[in-house]
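Participant:
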Amino acid sequence: MILIHTPAPREVAAYLDLFRTALPQHVFTDLEGLSRPEDVEYVITWGPPPGLFVGMSRLKGVFNLGAGVDRLLQRDDLAAEVPIYRLLDGGMAQQMVEYVRYGVLGYQRHMDIYRRQQTAGVWKMLPPRLPAAVRVGVLGLGEIGGQVARALAADGYRVQGWSRSAHTLPGILCHHGPTGLDTVLNESDVLVCVLPSTPQTRGLLDATRLARLPPGAMVINAGRGDLLDLDALQGLLESGHLRAAQLDVFPEEPLPPAHPLWRHPAVTITPHVAAITLRQEAVEQISANLRRLAEGSEPLGKVARTQGY
Ligand code: NDP
Ligand code: OXD
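The sequence shown lines up with residues 31 to 339 when you count with this note's numbering.
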């Protein structure tokens, strides 16, 4: 039996229909239809409530309806030997490219400054700036970050990238490991973060590292909220060292209504929507993986628990 669970009952109903059509040989259920947790072999989920996996003694795998698995890896009701499979791109990379491109293009064309000038009724032209004059650093060169870096390089920006292991991407200066990070920070007019949240990356963008960015830089965070120190970011925006931020993810979501960044003129806030799971793509990818399992082959997107992503 395969359990489908997300926080939205309507979404669960839609997934049930799609999976039952795609894989009629399997039995799919929602939480209401489940009487014996020990019957569950696979769980397809996003944001499972605490205790969901309790009693699932025959659980053989969990399919995450998203790319990031940080919350799944921090639970105490999911045995360490149960494999977790995540979505690989599934239409999210293109959405992320658009989200990041919006911020970088706005920075290049001074749109944030013109917005503030408009508020003050100021008519003042700024000198033109071509993409080749803007240095962009992309942290995370995986399924999503790799496509972001390639798209920005194709747009003509000067792109550097950073990852855990070494990468070679045409037109992108790739760095890896702790020393590579400082170079990227020192030389990024726009810093784009598309990293996963892991024990190694949590708190990565702290006051010291953010201060390495050149004066007038912008920060875009669409990875996870706990990678970036919001107080440090706010301090650097207020001192004028940083010019702007575009934030999609936060340590606490929703960002509490009283948080000062909601009203900060240099900050654009979006509610964790940079790249949303596309239902049809997710069903196709997970169905293909369930077919692989039935044939005895290895599914794609297995999470390396020791690395945390
Ligand atoms: P991948 O696992 O494919 O890529 C992760 C990248 O981060 C890899 O390049 C990896 O390096 C790098 N990385 C991991 N740990 C470190 C480290 N310690 N130091 C340096 N680099 C590191 O993930 P995806 O590209 O699919 O997704 C990335 C993240 O984006 C997700 O985990 C999620 O948090 C976030 N996300 C946010 C969304 C949103 O709407 N805001 C939507 C979808 C995803 P290497 O290549 O060497 O392995
Ligand atoms: C994801 C997300 O990780 O939407 O898929 O944040």
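Ideal placement from N, C-alpha and C gives every residue a C-beta, glycine not left out.
1) Pull every residue with its beta-carbon under 5 Å away from any heavy atom of ligand 2, and keep them in chain order.
2) Taking 7 Å as the cut-off, is the C-beta of Gly77 nearer than that to any heavy atom in ligand 1?
3) Tell me whether Ser227 is buried or exposed, calling it buried when 16 or more other Cβ atoms sit within 10 Å of its Cβ.
4) If contacts are defined as beta-carbon pairs under 8 Å, then Val164 and Tyr339 qualify, I think. What distance do you get, rounded to the angstrom?
5) Any heavy atom of ligand 1 inside 7 Å of the beta-carbon of Pro80?
6) How long is the line joining the alpha carbons of Arg116 and Pro158, rounded to whole angstroms?
7) Are Asp60 and Val42 close, meaning C-beta to C-beta below 8 Å?
8) Does the separation of the CB atoms of Leu29 and Val297 fall below 8 Å?
9) Thinking just about the alpha-carbon of each residue, which of Asp107, His206, Leu267 is nearest to the one in Arg194?
10) Using the Cα positions of Asp47 and Leu82, report the straight-line distance between them to the nearest angstrom.
11) In or out: Asn216 buried (at least 16 other Cβ within 10 Å) or exposed?
12) Excluding the 5 residues preceding and the 5 following Met141 in the sequence, name in chain order all residues of the same chain whose CB lies nearer than 6 Å to its CB.
13) Short check: CB of Gly253 to CB of Cys204, under 8 Å?
14) Compute the beta-carbon to beta-carbon distance between Val92 and Val70, rounded to the nearest angstrom, for a pair I have assumed lies under 8 Å.
15) Output needed for Ala247: all residues of its chain with C-beta closer than 6 Å, excluding positions within five of it in sequence on either side, in chain order.
16) Can you tell me which residues form a DSSP beta bridge with Gly186?
17) Measure the alpha-carbon distance for Val189 versus Met155 and round it to whole angstroms.
18) Could you check whether the Cβ of Gln264 sits closer than 8 Å to any Cβ belonging to chain C?
19) For ligand 1, I want to know if Thr231 counts as a neighbour, meaning its beta carbon is within less than 7 Å of at least one of the ligand's heavy atoms.
20) Under the rule that 16 or more other beta-carbon atoms within 10 Å means buried, what is Asp261, buried or exposed?
21) Could you pull the DSSP bridge partners for Ala247 from this structure?
22) List, from N- to C-terminal side, the beta strand (DSSP E) runs of 3 residues or more that fit wholly inside the segment 155–228.
23) Is Pro226 near ligand 1, judged by its Cβ being under 7 Å from some heavy atom?
24) Nearer than 7 Å: is that true of the beta carbon of Ile174 relative to any heavy atom of ligand 1?
25) Taking Cβ to Cβ, would you say Leu266 is nearer than 8 Å to Leu225?
26) From which residue to which residue does the alpha helix (DSSP H) around Leu118 run?
27) Considering Leu33, what are the terminal residues of the beta strand (DSSP E) in which it resides?
28) Measure how close the beta-carbons of Lys332 and Pro161 come, nearest whole angstrom, since I'm counting them as under 8 Å.
Facilitator: Walking through what the data contain:
1) If you measure from each CB to the nearest heavy atom of ligand 2, the residues under 5 Å come out as Gly96, Ala97, Gly98.
2) Outside the cutoff, so no.
3) Note on Ser227: 16 or more other CB atoms within 10 angstroms of its CB, so buried under the neighbour-count rule.
4) So it is not a contact: roughly 29 Å between Cβ atoms.
5) No; taking the cut-off as 7 Å, the Cβ of Pro80 has no heavy atom of ligand 1 nearer than that.
6) Cα to Cα, the separation comes out at about 42 Å.
7) Yes, the pair counts as a contact, with Cβ atoms nearer than the cut-off.
8) Given a span of 31 to 339 for the chain in the structure shown, any question on residue 29 remains unanswerable.
9) The candidate whose alpha carbon is nearest that of Arg194 is His206.
10) Their backbone Cα atoms lie some 22 Å apart in a straight line.
11) Classification for Asn216: exposed.
12) Correct list: empty, nothing qualifies.
13) No, the pair does not count as a contact, with Cβ atoms beyond the cut-off.
14) Contact between Val92 and Val70 is absent: CB atoms are separated by about 10 Å, not below the 8 Å threshold.
15) Once the five neighbours on either side are set aside, the close Cβ partners of Ala247 are Asp219, Leu272.
16) DSSP output for Gly186 lists no bridge partner at all.
17) When only Cα atoms are considered, Val189 and Met155 end up about 27 Å apart.
18) Although the question refers to chain C, the structure presented lacks it and comprises just one protein chain.
19) For Thr231, the shortest C-beta to heavy atom distance toward ligand 1 is below 7 Å.
20) Classification for Asp261: exposed.
21) Its beta-bridge partners are Leu272.
22) Those beta strand (DSSP E) runs which fall completely within the segment 155–228 and span 3+ residues are 165–169, 188–193, 203–206, 220–223.
23) Yes, the beta carbon of Pro226 sits closer than 7 Å to at least one heavy atom of ligand 1.
24) Indeed, a heavy atom of ligand 1 lies less than 7 Å from the Cβ.
25) No.
26) Element bounds for Leu118: n/a, residue is neither H nor E.
27) Segment 32–35, the beta strand (DSSP E) holding Leu33.
28) The pair is not a contact, with the Cβ atoms about 37 Å apart (cut-off 8 Å).
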